[in-house]
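At the far end of the sequence shown sits residue 283, using the working numbering, and the numbering has no gaps. Here a beta-carbon is modelled for each residue, glycine too, at the ideal position from N, C-alpha and C. Fair warning: this is a prediction, and the values are worked out from it, not measured in the lab. Working notes for the structure below.
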Amino acid sequence: KLKNGNYKTRKIDTVDWNKQEKAEEWRKAWADITNKYLEENSIQDKVDHRSYQRQDIEQIPTIHLGVSASQMEKKGIATDRGNINREIKHQNKILKEIARRIKALLNWIIGIGKEEKAETDNLKSTLPPKENLLSVFENLIRKNADKNNADLEKYIESYQLLKEKNITSLTELKENIVTLRDKNYKTTRVLKDTEKRIDDNTKLINQAEKYLKHKDTYTAYTKLKKNKQDTFYNEHTAEIILFESAKKYLKEHLGENKTLNISKLK
């Protein structure tokens, strides 16, 4: 029993639906139901409750704008969070283009088109290392010019890629693929680092906002005499716990003598 006459209480869950570990189960159930109705309405789009990382998708997710930033963006006013999302989309576009180009180049090496597979395999096995690839593709394009099929489009796309990169031999082609793969890896690494930085900053901002919001309440609590603190604590339990939790988080991640500029992180 407390000094103020009230009894101490503790929460005992009688059901498990609100436990943290149930979050995955609820999210999957939500995704399944959503996809069910999308399919029933002949909508091809699907939702996935998993993160891009868990889906093995090399793409960084955009960050949550919030009400204020969303309203400003709709009015044409650029915000820091909006700028971050635009940069993320730009980086994702670059990554997607690199992946597309690698795939296009590899498609040529392993054979382009089912109907021409035997011919292209033979071409690759007999093509001298110094043979001009641009000339080879020019001949393939002329040969298929009247067919207007998918193979012709692939030949043209491959020709344009080779011409753009000034690639004229198999050796140069393979070297270019290695270069693109390296660039793809570096871009992916940058995206992952950016994602982690944004996530860390978001956590710092959230904790800093809680710290500032409940600081006055906590200060008032500490200044009270011992015989009045219990009553005050019971009336402001949530605020005090949130402040203490935020204070601990900021101390662990910023240290004692460091300050946090929330506006810069946003």
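C-alpha distance - residue i paired with residue j, whole-angstrom precision
{"i": "K113", "j": "T211", "result": "17 Å"}
{"i": "N193", "j": "Q37", "result": "48 Å"}
{"i": "N149", "j": "L169", "result": "19 Å"}
{"i": "R206", "j": "R67", "result": "20 Å"}
{"i": "S142", "j": "L187", "result": "Because the pLDDT of S142 is 46, which lies under 50, any placement of that residue in the model is unreliable, and the question is left without a value."}
{"i": "N223", "j": "E56", "result": "37 Å"}
{"i": "I94", "j": "N109", "result": "23 Å"}
{"i": "E90", "j": "L271", "result": "31 Å"}
{"i": "Y24", "j": "N251", "result": "11 Å"}
{"i": "K216", "j": "P78", "result": "Just to set this straight, residue 216 is Asp in the shown sequence, not Lys. The straight-line gap from Cα to Cα measures roughly 11 Å."}
{"i": "K265", "j": "A225", "result": "11 Å"}
{"i": "W241", "j": "F249", "result": "The sequence shown places Leu at residue 241, not Trp. Spanning the two alpha carbons is a distance of roughly 9 Å."}
{"i": "K243", "j": "E261", "result": "18 Å"}
{"i": "L178", "j": "Y69", "result": "29 Å"}
{"i": "R44", "j": "K182", "result": "45 Å"}
{"i": "K92", "j": "I101", "result": "17 Å"}
{"i": "K245", "j": "T26", "result": "18 Å"}
{"i": "H253", "j": "K28", "result": "17 Å"}
{"i": "W47", "j": "W34", "result": "14 Å"}
{"i": "D163", "j": "E41", "result": "55 Å"}
Buried versus exposed call for residue i [16 or more other C-beta atoms within 10 Å across all chains shown]
{"i": "K39", "result": "exposed"}
{"i": "V153", "result": "buried"}
{"i": "S59", "result": "exposed"}
{"i": "T137", "result": "Summary for T137: the model assigns pLDDT 48, below 50, so the residue's position carries little reliability; its value from the coordinates is reported in the next sentence. So T137 ends up on the buried side."}
{"i": "L157", "result": "buried"}
{"i": "I3", "result": "Residue 3 is absent from the model: the chain starts at 18 and stops at 283."}
{"i": "Y54", "result": "exposed"}
{"i": "L190", "result": "buried"}
{"i": "K86", "result": "Sequence inspection shows Ala at residue 86; the Lys mentioned does not correspond to that position. The residue in question, A86, is buried, as its Cβ has 16 or more Cβ neighbours within 10 Å."}
{"i": "A263", "result": "buried"}
{"i": "K131", "result": "Residue confidence is low: K131 scores 47 on pLDDT, short of 50, so the model does not pin down where it sits. No coordinate-derived value is stated."}
Helix, strand or coil at residue i [DSSP, three-state]
{"i": "T143", "result": "The predicted model places T143 with a pLDDT of 43, which falls under 50 and marks its position as unreliable; any figure quoted below should be read in that light. Of the three classes helix, strand and coil, the one that applies to T143 here is helix, per DSSP."}
{"i": "I184", "result": "coil"}
{"i": "L179", "result": "helix"}
{"i": "W34", "result": "coil"}
{"i": "S85", "result": "helix"}
{"i": "R27", "result": "coil"}
{"i": "L241", "result": "coil"}
{"i": "A162", "result": "coil"}
{"i": "K203", "result": "helix"}
{"i": "D62", "result": "coil"}
{"i": "Y266", "result": "helix"}
{"i": "N149", "result": "coil"}
{"i": "Y228", "result": "helix"}
{"i": "T79", "result": "coil"}
{"i": "R71", "result": "coil"}
{"i": "K92", "result": "coil"}
{"i": "A253", "result": "In the sequence under discussion, the amino acid at residue 253 is His, which differs from the Ala named in the question. In the structure shown, H253 sits in coil (DSSP, three-state: anything other than H, G, I, E or B)."}
{"i": "E136", "result": "Because E136 carries a pLDDT of 49, less than 50, the predicted location of this residue cannot be relied on, and the following value inherits that uncertainty. In this structure, E136 counts as helix in the three-state DSSP scheme."}
Beta-carbon spacing of residue i, residue j below 8 Å
{"i": "V32", "j": "T51", "result": "no"}
{"i": "G83", "j": "R98", "result": "yes"}
{"i": "T219", "j": "I105", "result": "no"}
{"i": "L267", "j": "Y228", "result": "yes"}
{"i": "L151", "j": "K180", "result": "yes"}
{"i": "N161", "j": "Y176", "result": "no"}
Check: residue i C-beta below 7 Å from any heavy atom of the ligand NAP
{"i": "I184", "result": "This structure lacks the ligand NAP, and indeed carries no ligand of any kind."}
Legend entry - the segment 251 to 265 contacting the segment 216 to 235, beta-carbon criterion three pairs below 8 Å: yes
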